[in-house]
Each structure stands twice: as C-alpha cells, then as structure tokens.
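All the letters of the sequence shown, read from the start, carry residue numbers -21 to -1, 1 to 382 under mature numbering (1 follows the signal peptide of the UniProt record, and there is no 0).
C-beta: ideal position from N, C-alpha, C; glycine also.
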Amino acid sequence: MKLIIRAVCALALLLPLAAQALTQDITAVFRPDPSNPLLNRFVNTTPESGICPWHIPERCKALGIFSIRTSDLTFSSSVPIQGGHTDVRKGAMFKVPSEWRDVIVSHAVTGASETVRMRIAGIGGRFDLYGGVGQTVWARGAIGWKYAPAPCLGTNYGTGNNTFFLWSWITPLNVGACDMAAIKDIPDIRYPVFEYSYELSTPNPLTMDSGVYTGSITYSVGPRADFDFGDIMEPNDNQLTFNFILDVDHHLKVEVPPGGNRVQLEPQEGWQAWLKNGRKPTRLFRDQTVNLWASSPFKMTLECGEPMGNTCSMRNAAGDQVPLDVAVTLPVGLNDSVGRPVNRLPLRLDGVGTQLFQPTRYIDRKPSTLHFEIKADSVSQMLDHGGGSAYSGTATVVWDSGL
C-alpha cells in the first residue's frame, strides 16, 4: 500500500480555509411515557437560553416556542442611520422567516424520511449605541423596544442603560418587517448578541422507525435575505444552518404469564358431555392472554413445527394430523393496516392480513389474546380415530417491529 503524502500536503498548502457557517443543533426525543400513554409527541431536548427559560417560560410554553441566545452571529452598521428616515430599510428593521418551512429528516439506517416543520417565532438580542448618542435617538425611546412595534408582539422584557439595551419580541405567523424609527442620527450601532425563538411541528412518532433521523435547513442572513435586518446592518455570517437530530426510542414487549407457553385445548363445556353422553364437542380451543407494550408499528407472523396448509397442526402417536388455527385479538388503540380494530384476526403462514399493526397511542401493558382452535370437523376426526390419544404440536407467534 502506498501513502501519497507529498501531493496531499501540497494541495493543503494551496487551498484557503473555507468559511464556517453558523450552525445550531436541534435535538428531540420520543420515548413512550407509561404515565401518559396518550401523549405521543417528541420532546425538544435542545438547550435553551434567552427570553423563554429566563424571563417568560410559561408564555413560551403556551405558545409552544423555544429560544436561543448567541453571540456567534453579530451585526454592525455599515453607515450611520439618519434620523427621521422614511425608508424602514435604512434603520433598525427586523424581518425573519416566520412562515413554516419543511425540513426532510431521514433514518440513519433505513433511509425512511419524515417531515419536520420549523418557523422563527421571535427575534431579539442586544444593541449597543456608539458615537456619543443615547436612547433618545428612538422615536419611542428605549421603552419602545420593550413593548415592540406592530406587527411584532412585545414580551414586556427589556433592560439596559443609555447606550445598550437587551430586548425580545414575538413574531406571529407570516408576519412582515418590524422596525424602530430613529428621530436622531445614529453614527454607529451594533448587535453583539443575537436571539431568536422558534416553533417546531414534528411528525407522529408512532408511525416512525426506532432510531435516529437527521436533516438540516439553511437560512440566509443579511440584507433582503431570510433574516433581513435592513440595508445598513451587516452580519458577520451570511448563513444560519439548523441540524435536526430526532431520536425515536420505541417500546415493543410481550409478557407471557407463567406456564403460558404450554397451551391445553379443551371443549367449551369440558370433556364431561362427551364422556357421559357421547356428545361430540363442537371445537377444542384455548384463549391465551398475554400482556403487550407497543409504541410503534409491528407485524405478526406464524411459525409451525408441522405446517398444514396455511396454518399449524397437531399430531398423535399414530400419525393422525389435524389443523390448528391461530388468531389474535389486540387491545383498543392497535389497528390493522386499514385502521380497523383487531378481533380474532387469523394468523397464517403466508402472513396475509397481519403485515402491519399501527398504534394510535402508546399501549402500556394491555391484554392481548391468542386464540388456538381445532374446528368441529377435525375434532370429529380425532375422536373417530380413537379417543384417549394425545395430540401435540408447536406454534410460534412472532411480534416483529422490523417492518
């Protein structure tokens, strides 16, 4: 094996370093919650900062928004702001992508894709005034930053002094630009702290595979870009990329009671009617209850020790063989592939009809029933071939989340 070091080194010396765009990871997790099985949504685990966790947590919770404060993205004025300007683009203007945008996230292993939606639901930060001016440069003074100009909404948050101010506004869906009018010249203004709030709409985790889904969306930053702060304010970076990492941790568990893997089939009324009166049973059966936990789609399959047609069978020592039918009833909240409740649905060797079961909520230790049955014709055959002989066989029922 050759190592071509010289060429690689020469290339590295000739190439300039690429600019690093600002990135922010957005992480969310779904894990079934036994205490709240109807709560089937992702939990945002992204660390927060700024207005939501520090000042108005209850309002943000009610709005379903989250905030991040950073000094990695800053803005500086390229020319002075003229007092009394009539063009909002020549002053302190803020327009953000408040509309919903789609982000495709894909499973790291299967490649299955889902859609996350994101919008910017708030804007804020800090501004610093230079050149010997103070808060009287604003038409509404510093208090105007606290209560927000229309169409933005205020948060009742604002703090600072005569030359700097921290503020935060809420941006309703599809809102346009919001601006603060200056009545005096501002020689130099800078935004050393950038803050935004965002809202997410995540897919239904119950329809997703277990594992990690990733995707990204990039917003442009600068004059007439996605994050548009007017023509005067220039950013130190022209892109803001959000990397989405969604972790789906499903639960599928079956609990068979002690002795439940050994099933004895009997007539509805027991054997006394046959032994005393010679009345043949109409069927032999056993309904075996198992407990089920499920938060993701799954399929069920049947495996047989001795197949017979499309199902399993039982055989006696003389070699007489009869079919054994197996069916399943699932708890409320689990439907078949077309949304119907599952009641005595046959399990077959070809798997037809049991390829997909879909939960509508988290199933937390709910009873499910396996129905084992030998029908009347086969019972009659068994008795005609000699009562008292034992029939046995094996049937394996598989719950499989690997669709």
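Asked: Distance between Glu27 and Gln243 (C-alpha atoms, nearest Å); Found: 58 Å
Asked: As assigned by DSSP and simplified to three states, the class of Ile165; Found: strand
Asked: Inter-residue Cα distance where the pair is Asp164 and Asn141; Found: 15 Å
Asked: Pair within 8 Å by beta-carbon distance, Ile224 and Trp272; Found: no
Asked: Cβ shell of Leu326 (< 7 Å), same chain only, five flanking positions each side left out; Found: Met279, Leu281, Val305, Ala306, Val307, Thr333, Val376
Asked: Span separating the alpha-carbon of Leu132 from that of Leu219; Found: 24 Å
Asked: The region 91 to 108 contacting the region 181 to 199, beta-carbon criterion three pairs below 8 Å; Found: yes
Asked: Spatial neighbours of Val321 in its chain, beta-carbon cut-off 8 Å, leaving aside the 5 residues before and after; Found: Val307, Thr308, Leu309, Leu313, Asn314, Asp315, Phe336
Asked: Any non-hydrogen atom of the ligand NAP closer than 7 Å to Leu108 Cβ; Found: For the structure depicted, the ligand NAP is absent and the ligand set is empty, with no information on it obtainable.
Asked: Beta-bridge pairing of Ala71 - partner residues as DSSP gives them; Found: Met159
Asked: Residue burial classification, Ser292 (beta-carbon count within 10 angstroms, cutoff 16); Found: buried
Asked: Cβ contact check for the region 58 to 73 and the region 150 to 159: 3 or more pairs under 8 Å; Found: yes
Asked: Runs of alpha helix (DSSP H) wholly within the region 298 to 330 (minimum 4 residues, chain order); Found: none
Asked: Candidates Val269, Met287, His86, of which the one nearest Asn240 by Cα; Found: Val269
Asked: Three-way DSSP call (helix, strand, coil) for Gln3 in this model; Found: strand
Asked: For Tyr370, three-class secondary structure by DSSP; Found: coil
Asked: When Phe206, Gly381, Ile168 are compared against Pro59, the one with the closest alpha-carbon; Found: Ile168
Asked: Lys40 - partner residues in DSSP beta bridges; Found: According to DSSP, Lys40 bridges with nothing at all.
Asked: Whole-angstrom distance between Cys283 and residue 433, CA atom to CA atom; Found: The first residue shown for the chain is -21 and the last is 382, placing residue 433 beyond what the model contains.
Asked: Nearest-angstrom beta carbon gap, Phe173 and Gly104 [assumed within contact, 8 Å]; Found: 5 Å
Asked: Top-ranked residue by Cα proximity to Trp274, from Val235, Phe9, His230; Found: Note on residue identity: the sequence assigns Ser, not Trp, to residue 274. That would be His230, whose Cα lies nearest to the Cα of Ser274.
Asked: Exposed unless 16 or more other CB atoms sit within 10 angstroms - verdict on Glu234; Found: exposed
Asked: Beta-bridge partners of Arg84, as assigned by DSSP; Found: The sequence shown places Val at residue 84, not Arg. Answer by DSSP bridge pairing, in chain order: Glu93.
Asked: Endpoints, alpha helix (DSSP H) assigned at Gly123; Found: 122 to 126
Asked: contact_flag[the region 349 to 357, the region 197 to 215] where n(CB pairs < 8 Å) is 3 or more; Found: no
Asked: Proximity below 8 Å, CB of Ile196 to CB of Val82; Found: yes
Asked: Three-state class that DSSP yields for Ile30 in the structure shown; Found: helix
Asked: Whole-angstrom C-beta distance between Val112 and Pro171, which should lie under 8 Å; Found: That pair is no contact at about 17 Å.
Asked: Reference Gly101, options Gly318, Gly62, Arg48, closest by Cα; Found: Arg48
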